[in-house]
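A quick write-up on the structure given underneath.
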Amino acid sequence: MKRCSWPESGGELMIDYHDKEWGTPVHDDQKHFEFLVLETFQAGLSWLTVLRKRQNFAKAFGGFNPVIVEAYDAAKIEELAADAGIIRNRMKISAAVNNARRLLEVQQEFGSFDRYLWSFVDGQPVIGNWVSMDQIPAKTELSDQVSADLKRRGFKFVGSTIIYAHLQAVGIVNDHVVDCFRFKELVQV
(Lines of atoms letter the chains of each structure in order from A; the text may use other names.)
(Lines give C-alpha, C1' and ligand atoms only; values in the text may rest on other atoms or scores of the structure.)
Protein backbone atom coordinates (compact mmCIF):
# COMPACT_ATOMS: atom_id res chain seq x y z
CA MET A 1 0.00 0.00 0.00
CA LYS A 2 1.45 3.38 -1.03
CA ARG A 3 1.42 6.34 1.32
CA CYS A 4 2.99 9.77 1.61
CA SER A 5 6.69 9.48 2.41
CA TRP A 6 6.84 11.87 5.39
CA PRO A 7 5.61 9.49 8.12
CA GLU A 8 8.07 6.71 7.29
CA SER A 9 10.98 8.19 9.27
CA GLY A 10 8.81 8.62 12.38
CA GLY A 11 8.01 4.98 12.85
CA GLU A 12 4.69 3.45 13.82
CA LEU A 13 3.39 6.52 15.67
CA MET A 14 3.72 8.77 12.62
CA ILE A 15 2.44 6.11 10.24
CA ASP A 16 -0.61 5.55 12.42
CA TYR A 17 -1.25 9.32 12.59
CA HIS A 18 -0.93 9.60 8.79
CA ASP A 19 -3.08 6.56 8.08
CA LYS A 20 -5.90 7.33 10.52
CA GLU A 21 -5.99 11.07 11.18
CA TRP A 22 -4.01 13.44 8.97
CA GLY A 23 -6.23 15.02 6.36
CA THR A 24 -9.46 13.48 7.61
CA PRO A 25 -12.13 16.20 7.66
CA VAL A 26 -12.76 17.37 11.22
CA HIS A 27 -16.10 18.92 12.22
CA ASP A 28 -15.69 18.89 15.99
CA ASP A 29 -14.57 22.05 17.79
CA GLN A 30 -12.76 20.16 20.53
CA LYS A 31 -10.74 18.26 17.91
CA HIS A 32 -9.98 21.54 16.14
CA PHE A 33 -8.75 22.94 19.45
CA GLU A 34 -6.61 19.85 20.03
CA PHE A 35 -4.85 20.28 16.70
CA LEU A 36 -4.48 24.02 17.26
CA VAL A 37 -2.81 23.38 20.63
CA LEU A 38 -0.55 20.65 19.26
CA GLU A 39 0.47 22.72 16.24
CA THR A 40 1.22 25.69 18.50
CA PHE A 41 3.63 23.55 20.49
CA GLN A 42 5.10 21.98 17.36
CA ALA A 43 6.35 25.37 16.10
CA GLY A 44 10.13 25.02 15.80
CA LEU A 45 10.07 21.34 16.74
CA SER A 46 9.25 18.06 15.02
CA TRP A 47 5.71 16.74 14.79
CA LEU A 48 6.98 13.42 16.16
CA THR A 49 8.09 15.19 19.36
CA VAL A 50 4.56 16.52 19.82
CA LEU A 51 2.87 13.21 18.98
CA ARG A 52 4.98 11.44 21.59
CA LYS A 53 3.66 13.87 24.22
CA ARG A 54 0.08 13.99 22.94
CA GLN A 55 -1.48 12.14 25.87
CA ASN A 56 0.37 14.40 28.30
CA PHE A 57 -0.91 17.44 26.43
CA ALA A 58 -4.45 16.07 26.64
CA LYS A 59 -4.12 15.70 30.40
CA ALA A 60 -2.50 19.13 30.82
CA PHE A 61 -5.08 20.89 28.66
CA GLY A 62 -8.30 19.44 30.05
CA GLY A 63 -8.80 16.87 27.32
CA PHE A 64 -8.50 19.76 24.86
CA ASN A 65 -11.77 21.21 26.09
CA PRO A 66 -11.55 24.97 25.42
CA VAL A 67 -14.12 25.71 28.14
CA ILE A 68 -11.78 24.17 30.72
CA VAL A 69 -8.61 25.73 29.29
CA GLU A 70 -9.99 29.26 29.01
CA ALA A 71 -10.32 29.30 32.81
CA TYR A 72 -6.61 28.62 33.36
CA ASP A 73 -4.99 31.37 35.41
CA ALA A 74 -1.36 32.44 35.94
CA ALA A 75 -0.85 29.77 38.62
CA LYS A 76 -2.04 27.03 36.26
CA ILE A 77 0.23 28.35 33.51
CA GLU A 78 3.18 28.16 35.93
CA GLU A 79 2.16 24.63 36.90
CA LEU A 80 2.14 23.60 33.24
CA ALA A 81 5.48 25.33 32.66
CA ALA A 82 6.93 22.89 35.22
CA ASP A 83 5.27 19.81 33.67
CA ALA A 84 8.02 17.66 32.13
CA GLY A 85 5.37 15.68 30.23
CA ILE A 86 4.71 18.55 27.83
CA ILE A 87 6.82 21.13 26.02
CA ARG A 88 7.46 23.68 28.77
CA ASN A 89 7.29 26.93 26.86
CA ARG A 90 5.40 29.64 28.79
CA MET A 91 4.65 31.65 25.65
CA LYS A 92 3.07 28.63 23.96
CA ILE A 93 1.17 27.64 27.11
CA SER A 94 -0.18 31.18 27.44
CA ALA A 95 -1.05 31.18 23.74
CA ALA A 96 -3.06 27.96 24.16
CA VAL A 97 -5.04 29.52 27.02
CA ASN A 98 -5.58 32.70 25.02
CA ASN A 99 -6.62 30.71 21.96
CA ALA A 100 -9.20 28.77 24.00
CA ARG A 101 -10.78 32.10 24.90
CA ARG A 102 -10.67 33.36 21.33
CA LEU A 103 -12.10 30.06 20.02
CA LEU A 104 -15.07 30.42 22.37
CA GLU A 105 -15.63 33.94 21.02
CA VAL A 106 -15.61 32.58 17.47
CA GLN A 107 -18.15 29.94 18.54
CA GLN A 108 -20.42 32.71 19.80
CA GLU A 109 -20.16 34.58 16.50
CA PHE A 110 -20.35 31.68 14.04
CA GLY A 111 -22.09 28.94 16.02
CA SER A 112 -18.93 26.81 15.94
CA PHE A 113 -15.23 27.16 15.27
CA ASP A 114 -15.69 24.45 12.65
CA ARG A 115 -18.23 26.52 10.73
CA TYR A 116 -15.86 29.49 10.86
CA LEU A 117 -12.86 27.56 9.50
CA TRP A 118 -14.74 25.69 6.79
CA SER A 119 -16.33 28.97 5.62
CA PHE A 120 -12.97 29.92 4.10
CA VAL A 121 -13.40 27.05 1.60
CA ASP A 122 -17.20 27.12 1.28
CA GLY A 123 -17.38 23.81 3.15
CA GLN A 124 -15.41 21.89 0.52
CA PRO A 125 -11.85 20.62 1.03
CA VAL A 126 -9.09 21.95 -1.18
CA ILE A 127 -7.54 19.04 -3.10
CA GLY A 128 -3.77 19.33 -3.56
CA ASN A 129 -3.20 16.87 -6.42
CA TRP A 130 0.52 16.66 -5.60
CA VAL A 131 2.68 14.01 -7.24
CA SER A 132 5.56 14.33 -4.75
CA MET A 133 6.04 15.70 -1.25
CA ASP A 134 8.44 18.40 -2.43
CA GLN A 135 5.58 20.04 -4.35
CA ILE A 136 3.54 20.66 -1.19
CA PRO A 137 3.83 24.26 0.01
CA ALA A 138 4.48 25.29 3.62
CA LYS A 139 1.78 27.97 3.32
CA THR A 140 -0.67 29.29 0.75
CA GLU A 141 -2.91 32.28 0.10
CA LEU A 142 -5.64 30.39 1.99
CA SER A 143 -3.46 29.93 5.07
CA ASP A 144 -2.34 33.58 4.80
CA GLN A 145 -6.00 34.65 4.80
CA VAL A 146 -7.03 32.40 7.72
CA SER A 147 -3.92 33.36 9.70
CA ALA A 148 -4.57 37.08 9.23
CA ASP A 149 -8.19 36.71 10.33
CA LEU A 150 -7.25 34.66 13.39
CA LYS A 151 -4.62 37.24 14.37
CA ARG A 152 -7.18 40.01 13.94
CA ARG A 153 -9.39 38.10 16.38
CA GLY A 154 -6.56 37.93 18.93
CA PHE A 155 -5.27 34.37 18.42
CA LYS A 156 -1.55 33.78 19.09
CA PHE A 157 0.97 31.46 17.40
CA VAL A 158 -1.21 31.31 14.30
CA GLY A 159 1.24 32.24 11.57
CA SER A 160 0.49 31.10 8.05
CA THR A 161 2.74 28.02 8.25
CA ILE A 162 1.15 26.81 11.50
CA ILE A 163 -2.31 27.45 10.09
CA TYR A 164 -1.49 25.58 6.88
CA ALA A 165 -0.43 22.60 9.01
CA HIS A 166 -3.77 22.90 10.82
CA LEU A 167 -5.75 23.05 7.56
CA GLN A 168 -3.92 19.92 6.38
CA ALA A 169 -4.41 18.05 9.65
CA VAL A 170 -8.15 18.72 9.83
CA GLY A 171 -8.85 17.92 6.18
CA ILE A 172 -9.70 21.41 4.99
CA VAL A 173 -6.76 20.85 2.65
CA ASN A 174 -6.06 17.34 1.29
CA ASP A 175 -2.30 17.31 0.75
CA HIS A 176 -1.81 13.57 0.56
CA VAL A 177 0.14 12.83 -2.63
CA VAL A 178 -2.07 11.43 -5.38
CA ASP A 179 -0.69 7.89 -5.21
CA CYS A 180 -1.21 7.68 -1.43
CA PHE A 181 -4.07 5.39 -0.45
CA ARG A 182 -5.43 8.12 1.87
CA PHE A 183 -5.69 10.62 -0.99
CA LYS A 184 -8.08 8.32 -2.81
CA GLU A 185 -10.09 7.54 0.35
CA LEU A 186 -10.50 11.20 1.27
CA VAL A 187 -11.40 12.40 -2.22
CA GLN A 188 -14.29 9.91 -2.18
CA VAL A 189 -15.63 11.22 1.16
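Counted from 1, the sequence shown has number 150 at position 150 by the numbering used here; the numbering is strictly sequential.
All residues carry an ideal CB built from backbone N, CA and C; glycine is no exception.
Just so you know, these numbers come straight off a predicted model, no measurement behind them.
- Query: Looking at C-beta atoms only, is the number of pairs between the region 115–126 and the region 86–96 that lie closer than 8 Å three or more?
  - Reply: no
- Name the residue from Pro25, Phe157 and Glu21 whose alpha carbon lies nearest to the alpha carbon of arginine 102. Counting from one through the sequence shown, the residue named residue 102 turns up at place 102. If we check each option's Cα against that of arginine 102, Phe157 comes out closest.
- Just curious, the alpha helix (DSSP H) that aspartate 144 is in, first and last residue? Here the question's residue 144 lines up with position 144 in the sequence shown. Note, aspartate 144: alpha helix (DSSP H), 141–152.
- Query: Which class does asparagine 174 belong to by DSSP, given the choice of helix, strand or coil?
  - Reply: One-based indexing of the sequence shown puts residue 174 at position 174. Asparagine 174: strand per DSSP, three-state reduction.
- Query: From which residue to which residue does the alpha helix (DSSP H) around proline 66 run?
  - Reply: On the sequence shown, residue 66 is found 66 positions in, with the first residue counted as 1. Membership of proline 66 in the alpha helix (DSSP H) is indicated by the continuous run 66–69.
- How about tryptophan 47 and methionine 133: do their beta carbons lie closer than 7 Å? To locate residue 47, count along the sequence shown from 1; it is residue 47. To locate residue 133, count along the sequence shown from 1; it is residue 133. It is not a contact, given that the beta carbons lie outside the stated cut-off.
- Item | Selected residue, minimal CA-CA separation from phenylalanine 64, among Arg153, Asn99, Arg52 and Gln108 | Position 64 of the sequence shown, counting from 1, holds the residue named residue 64. The option with the nearest alpha carbon to phenylalanine 64 is Asn99.
- Taking the alpha helix (DSSP H) that isoleucine 77 falls in, what are its first and last residues? Against the sequence shown, residue 77 aligns to sequence position 77. Segment 74–81, the alpha helix (DSSP H) holding isoleucine 77.
- Query: From the DSSP output, which residues share a beta bridge with valine 126?
  - Reply: Here residue 126 corresponds to residue number 126 of the sequence shown, with the count starting at 1. For valine 126, which the question treats as bridged, DSSP gives the partners Val173.
- Item | Anticipated Cβ contact below 8 Å, valine 37 with phenylalanine 57, distance rounded | In the sequence shown, the residue the question calls residue 37 occupies position 37. In the sequence shown, the residue the question calls residue 57 occupies position 57. That belief holds up - the Cβ atoms of valine 37 and phenylalanine 57 are roughly 6 Å apart, short of 8 Å.
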